[in-house]
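Undergrad: According to our numbering, the sequence shown is numbered sequentially starting from -17. The structure follows.
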Amino acid sequence: MSGLTKPHILLCAAVLTLAAGTPQASVAGPDRARSAAASGPSAGAMPAPPSGAHSSTGPGGRVAFTAGEWSAARPEGLRGALRIAGDDAQAFQALIDGAAAAAQPWLVLSGGGENGAFAAGLLSGWSEAGTRPEFGVITGVSTGALIAPFAFVGTREDAVLKDAYTTISAADVFEFGGTSEALTDTWPLKRRIDRAVSPALLKAVAAEHAKGRRLLVATTEVDAERPVLWDMGAIATVGGPKALALFRAIVLASSAVPGVFPPVMVDAVSPGGKAFQEMHADGGTTGQFYLAPSPALTGEARVRIPASTIYLVINNKLSPDFQMATRTTLSVLGRALSAAIKAQTKASLALAGGFARRTGLDLQVAEIDGRFGQTTATPFDQKYMQALFAHGERLGRDGTAFAGLTPEGTLAGQSGAGADAALATGAIADAPSAPRAEAAPRAGATPRAGAAPRAQPATREMAGR
């Protein structure tokens, strides 16, 4: 990182998890004119409390609330089952059981900042090959959350993703000179999301949701230190200005790297009518991708996923990337964050691999491996992102992007796939599981046995909100 300016070094650390580009129908360059409406990320304005109501305040003047009030609250002005606690196995099982198309293949999109160009290219090439499935469930975290809605509505949005991930610059995402909440201001990213997530997109997502498909985006609730899984199709189905504002806010929140980007405040109301603001940030804080609740991944709880095949796209390199660091705080921080995020991703992949083997899932993993050798010292380098998009597109077109798991639990069939990823997927010992009902045959999938049964009872939180 030698030779980089202080802002560049800081940004390089930030983009390890930040969402690099927002899908948008047209990207004509940086949008530098700040709008008054973009002055503070929030899902709606916080209503003034009635006289004498909930007068206690917490840090920063926020209305104080408890963990119990948070777990029972719902987004202000909206009703229905819109979200669950991301670590609640029982609530997750209920959500999946209610999805008629959940037996179709799943697509899991990780965080990775500007490296989201890899997933965007892969999806485009997959479409060109004519072998891209219609996914029953799509989950997204951080940059994956930005891609997910467009992947969900179909291949017709591939051009939108290509434009977004090959034409942007840092000025399209943020500007330096933040507030007490963060080092930067994300008004450019917010404006792009507001333009991209249109009423028409909301209707398209709702139409796919009605078919039994599910679009799920993970954020991290900072006060609770817990993941929240948002049912974006359910939000889209509610419709109207408040649902549109919440949909946009969740996409922005999932990529709000804590301390670097400002958190997104979501207006909430408890069953007793107490209004307060939740603080949501990058979903990658609690997991670089979302497959199932953590208790299910570790074997503490049982979850049954009806699909036979899960496609997991890791928008990152898992192998170490040697680079001399300078003896400065920001340089050391950047390199340390890079190592930490790779370690977190490998650990999550290890858990996912163990879960797949215990439950009989065919876990197919794509990562930015040794076949892509280009590097960049500049954040949001268009040439780098264009090359990465082309690389992913080529792999998707050729059918060589994904590697399955061998009986030993290692990635197979992908040259240069990265020994670290192979080791990661085999790092968790298998635990005994109950027999799984055989799935109906589908094109390109083999029925499997050996999955866990329906989730066992657990404390339900945030369900039906």
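The beta carbon of each residue, even a glycine, is placed where N, CA and C say it ideally should be.
1. Taking the Cβ atom as the reference point for each residue, do residue 176 and residue 114 lie within a distance shorter than 9 Å?
2. Going by the beta-carbon positions, is the gap between residue 378 and residue 110 smaller than 9 Å?
3. According to DSSP, simplified to helix, strand and coil, what is residue 247?
4. What are the start and end residues of each continuous alpha helix (DSSP H) run of 4 or more residues lying completely inside the stretch 45 to 127, in chain order?
5. How long is the line joining the alpha carbons of residue 350 and residue 95, rounded to whole angstroms?
6. If distances are taken between C-alpha atoms only, which option among 215, 72, 180 and 209 comes closest to residue 197?
7. Quickly, what does DSSP pair residue 293 with across the bridge? List them, please.
8. Okay, do the stretch 172 to 186 and the stretch 101 to 109 touch, 3+ Cβ pairs below 8 Å being the bar?
9. If we require 3 or more residues per run, which beta strand (DSSP E) segments fall completely within the stretch 178 to 224?
10. Checking the sheet assignment: what are the DSSP bridge partners for residue 161?
11. In the DSSP assignment, what are the bridge partners of residue 141?
12. For residue 326, which of helix, strand or coil comes out of DSSP?
13. Please go through the same chain and pick out, in chain order, the residues whose beta-carbon is closer than 6 Å to the beta-carbon of residue 101, but skip the five residues on each side of it.
14. Taking contact to mean at least 3 C-beta pairs separated by less than 8 Å, is the stretch 302 to 314 in contact with the stretch 334 to 350?
15. Cα separation between residue 400 and residue 238?
16. Taking the alpha-carbon of residue 45 as reference, which of 225, 259, 144 and 93 has the nearest alpha-carbon?
17. Is it buried or exposed, residue 170, if we count other Cβ atoms within 10 angstroms and call 16 or more buried?
18. What number of angstroms, rounded off, separates the C-alpha of residue 163 from the C-alpha of residue 248?
19. So residue 258 is in the beta strand (DSSP E); what residue range does that whole segment cover?
20. Given that a residue counts as buried once 16 or more other Cβ atoms are within 10 Å of its Cβ, and exposed if not, what is residue 324?
21. Does the beta-carbon of residue 140 have 16 or more other beta-carbons within 10 angstroms, so that it is buried, or is it exposed?
22. Which residues in the same chain have their Cβ closer than 7 Å to the Cβ of residue 369, if we skip the five residues on either side of it in sequence?
23. Pick from 354, 366, 360 and 365: whose alpha carbon is nearest that of residue 383?
24. Look at residue 281 and residue 272 and say whether their C-beta atoms are less than 9 Å apart.
25. Mapping DSSP to helix, strand and coil, what is residue 42?
26. Under 9 Å between the Cβ atoms of residue 127 and residue 236?
27. Given that a residue counts as buried once 16 or more other Cβ atoms are within 10 Å of its Cβ, and exposed if not, what is residue 43?
28. Excluding sequence positions up to five away, which residues of its chain have a Cβ less than 7 Å from the Cβ of residue 277?
29. Put residue 131 into one of helix, strand or coil per three-state DSSP.
TA: Taking the coordinates as given:
1. no
2. yes
3. In this structure, residue 247 counts as strand in the three-state DSSP scheme.
4. Listed in chain order, they are 49 to 54, 71 to 79 and 98 to 111.
5. 13 Å
6. Of the candidates 215, 72, 180 and 209, the one whose C-alpha sits nearest the C-alpha of residue 197 is 215.
7. 89 and 346
8. no
9. 196 to 203 and 208 to 213
10. 164
11. According to DSSP, residue pairing for residue 141 in a beta bridge does not occur.
12. helix
13. 91, 129, 295 and 297, listed in sequence order.
14. no
15. Since pLDDT at residue 400 reaches only 43, below the 50 mark, its modelled position is unreliable, and no value is offered.
16. Among 225, 259, 144 and 93, the Cα nearest to that of residue 45 is on 259.
17. Counting Cβ neighbours within 10 Å, residue 170 comes out buried, since at least 16 surround it.
18. Taking the straight line from one Cα to the other gives about 15 Å.
19. Start and end: 257 to 263.
20. buried
21. buried
22. 356
23. With distances taken between Cα atoms, residue 383 lies closest to 354.
24. no
25. helix
26. yes
27. exposed
28. 69, 71 and 283
29. helix
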